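Residue numbers for the sequence shown, in this note's numbering: 2 to 129. All residues carry an ideal CB built from backbone N, CA and C; glycine is no exception. In this text the structure is predicted, and so the values were computed from the model without any measurement. These notes concern the structure reproduced below.
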Amino acid sequence: MPRKDVAEKLRRRAMGFMDAAKERLKVGDYDLTCFMAEQAVQLYLKSVILELSGEVPRTHSIRQLLSILSKLLDEQFDFDRKQLVFLEDAYIKARYLGAGYEREDAEEAIKIAEEVISAVSRVMEGKD
């Protein structure tokens with residue numbers, strides 16, 4: 002399968018995770034909301050990196066993925082480090098540690114995810 006097709010599949014999956022995060026928020030499943038928001042960002046970033054470089058980085062760190070993307074695009078992204086760490090932590094804590102996220106946490110996770118995806122999307126649109 003051509004890399005553009007794989008990248009598009011990853012991007013669709015990322016948006017599926019975002020939709021699922023919003024659904025989990027509605028029913029009060031805040032741990033899964035946070036996890037799915039993190040997955041949406043991680044997969045979205047990986048899809049863009051794959052499209053640009055032909056590689057999928059073997060990391061789950063959103064900060065590392067953004068660093069790779071910044072170099073590929075020659076673009077500096079300005080996100081709050083604490084927010085990115087919060088989202089990254091959800092990758093493990095929401096699944097294994099019973100973090101006990103609350104509604105405000107879940108809403109914040111979705112907000113951060115939407116901001117990251119939107120910012121990267123705008124940069125990519127400008128590169129076309």
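Residues of the same chain with a CB within less than 6 Å of the CB of K94, apart from the 5 flanking positions on each side, are A100 in chain order. By the CB criterion at 9 Å, K23 and L74 fall outside the cutoff.
Between the C-alpha atoms of I111 and E9 there is a straight-line separation of about 21 Å. Taking a cut-off of 8 Å on C-beta distances, the stretch 14-28 does not touch the stretch 63-74, as fewer than three cross pairs fall below it. Unbroken alpha helix (DSSP H) runs of no fewer than 4 residues, entirely contained in the stretch 67-127, are found at 82-97, following chain order.
Taking 3 residues as the shortest admissible run, the stretch 41-71 contains no complete beta strand (DSSP E) segment at all. Taking a contact as a CB-CB distance under 8 Å, the pair T60 and L66 counts as one, their CB atoms being some 6 Å apart. Rounded to whole angstroms, the gap between the alpha carbons of S122 and E115 is 10 Å.
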